[in-house]
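Using the numbering used here, read the sequence shown as starting at 1 and increasing by one per residue.
Positions of the beta carbon are idealized from the N, C-alpha and C atoms, including for glycine.
Note that this is a predicted model, so its numbers are computed, not measured.
For reference, the structure discussed in these notes is given below.
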Amino acid sequence: MARKIPERFRAIHRHRLLVPRPLRNHAAKHHRSCRRLHSRRPRLAPQEKRPRAIHLSGSLSLPTHLMDLISDLLSPLSAEPSGMTPHLPEFSNIKCLAFDLYGTLLISAAGGPSLDRESILRDLLASEQLPEAPLIPILHELIRDDQETSRQKNIEFPEVDILEIWERFFSSLPIPIPDLSRFALQYELLTNPVWPMPGAEALPKHLPLALISNAQFYTPLLLEKLLPLPFEDDLTFFSYQHRQAKPGTFLFEKLAESLSARNISPSETLYIGNDHKKDVIPAQLIGFRSVLFAGDTRSLRTSPDLPPPDAIITHLSQINDLLPNS
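As structure tokens, then:
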């Protein structure tokens, strides 16, 4: 019997996110479904894979149904001070500001107390008949399999396309495949709520803004909705687009190449991120000047055994203190 839809999910169901449930065999064995996880690796047709691509400049129309979903499911979050002491040297001749996104420009609640993702996923599918199987382990196994395939191609830090993962997930279960873009977005918003970090809206505007983020298709949507900053298209690198993630240096190398075309060297680039291992170290390896963002204790990741960052800030407004004559 289908479970009652919890109160927190009623906004979702106003959008009719799941396709109508056809008649099917409710007694399907979940182990049969699990075998299909390894035998089927279907690919989405191009028109089904994701919503129309958007430029960060907003030159293309936004998928309104997804933007409305963001409005319905997100609410303000507050940063939790880390108690770290800022280290604010001045950097001369900086010509570009580059940022991490989650945990730096966006507060990410995923860095806080653990969420019951299994419960969230089951509630999200409360109107569907599910097989008796642990769902989150299935999802994680699909991700691990995809990453292992990439590692066999000598990609050290692979990234998945989450829409492909969800398509395989639903193909493994005796239920219809929903609108994958909507479903993936709603699951992300419920398990990783985000909100603009204090000071993010007031970043210095006199320098080009760059972005390197472990991200998925919904990341540009969140930026457009919550934090429409003037990031340069040629200086923006999302992991899902390249199937490589931080802490690998691939995305940082791509940014350095684009900056070189603008006659900006790595030493003239200031990179700000909240994770010592994933942000500070790869930035240093490429030659960027590195800043550890310690403005929210939930997302702060420090590593005392690694080389220190060039600077530490506890509020984004302190970027101005790093830039003389800014």
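When the five nearest sequence neighbours on each side are left out, the beta carbons in the same chain lying within less than 7 Å of the beta carbon of Met67 are those of Leu221, Lys225, in order along the chain. An exposed status is given to Thr64, since fewer than 16 other beta-carbon atoms sit within 10 Å of its beta-carbon. For Phe170, same chain residues with a beta-carbon under 6 Å away, outside a window of 5 residues either side, are Ile177 in chain order.
The beta-carbon distance between Glu232 and Ala215, rounded to whole angstroms, is 16 Å. This is too long to meet the 8 Å contact definition.
With a cut-off of 8 Å on Cβ pairs, the stretch 156–174 is not in contact with the stretch 73–84, counting fewer than three such pairs. A distance below 6 Å between beta-carbons, with the five flanking residues on each side excluded, links Leu97 to the following residues of its chain, in chain order: Leu207, Leu209, Leu270.
Arg289 is positioned such that its CB atom lies closer than 7 Å to that of Asp310. Straight across, the Cα-Cα distance linking Asp100 with Leu135 is about 30 Å. A straight-line Cα-Cα distance of about 28 Å links Arg151 and Phe183. Where Ala294 is concerned, there is no enclosing beta strand (DSSP E), because DSSP gives it neither an H nor an E. Put simply, of Leu323, Leu255, Ala202 the residue whose alpha carbon is nearest the alpha carbon of Leu229 is Ala202. Only residues of its own chain outside the window of five on either side were considered, and among them Lys246, Pro247 have a CB closer than 6 Å to the CB of Lys278, listed in chain order. Note that the C-beta distance between Gly287 and Thr104 is not below 7 Å. If you check the CB distance, Pro86 and Ile319 do not come in under 7 Å. The beta carbons of Val160 and Leu106 sit no closer together than 7 Å. In this structure, Ile212 and Leu255 form a Cβ contact; the two beta carbons are roughly 6 Å apart against a cut-off of 8 Å.
Under the rule that a run must span 4 or more residues, the alpha helix (DSSP H) segments found entirely inside the stretch 191–268 read 219–226, 239–242, 250–261.
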